[in-house]
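Each residue of the sequence shown is one higher than the last, beginning at 53 in the working numbering. The beta carbon of each residue, even a glycine, is placed where N, CA and C say it ideally should be. Reviewing the structure listed below.
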Amino acid sequence: MYLTKRITILLLLSVIFAAGCKKEKDETPTKTKMEGVWVVKEAHDSTGVDILSKFQNHLLPVTVFYFSSDNTVLSTAGPLTTYLVYGDSKFMQITSTINQWFNYANLTFNGGEFFVADGTPDRFALEMKLEGVGGGVTNTLAEILQLFNIEAQWLKTVVYHKFINVGVSFNETNTQMTWVWDDQT
């Protein structure tokens with residue numbers, strides 16, 4: 053009888069205690085963490101070698117991404133995207149850098165979209181829209197030809213580059229975002 057009373061009291065106390073506890077707040081969704089302006093501070097290839105100088109403009113050394121709540125991406129990452137797609141091509145590196153100068157002068161940014169599943173996934177999709185092959189190579193050529201009064205509208209094209217299953221993680225304070233292109237990307 054004494055044991056039964058004790059179990060009943062413990063059971064009652066545990067029910068009261070459990071009812072008074074609040075569920076821990078869910079972690080911030082990945083999409084929400086990604087929103088805002090992000091500056092590319094580091095970039096490494098699969099061997100750990102720094103590749104920032106391969107795509108970042110030396111005169112205006114900033115590569116940024118702006119992720120909005122409606123999944124829109126605005127960036128100065130044309131040369132970065134070109135490097136990821138076409139590799140370490142000197143021609144692509146030079147032409148995408150020239151194109152970036154034109155973009156800064158005109159305040160024109162590369163557009164795109166990003167897609168993240170609900171919750172806290174560690175993968176997302178990034179679609180970058182670049183005008184012209186190689187991040188604006190043909191648009192740059194068209195602009196140069198236009199300086200000589202040669203119309204070349206037919207050169208202006210738009211190429212979509214979609215990266216699926218890009219790994220994404222954040223530091224504890226959500227002030228640093230890391231992307232990983234791996235065998236799943």
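T237 is positioned such that its CB atom lies no closer than 8 Å to that of N223. For V114, the closest C-alpha among the options V92, S141 and T133 is that of V92. Going by beta carbons, M86 and F166 fall inside the 8 Å limit.
Here F200 is exposed, its C-beta having fewer than 16 other C-beta atoms within 10 Å. When the Cα atoms are used, D97 and I103 turn out to be separated by approximately 7 Å.
Our two residues, V220 and P173, have alpha carbons roughly 8 Å apart in a direct line.
The C-beta of K83 has 16 or more other C-beta atoms within 10 Å across all chains shown, which makes the residue buried.
At a Cβ-Cβ threshold of 8 Å, V125 and G100 do not count as neighbours.
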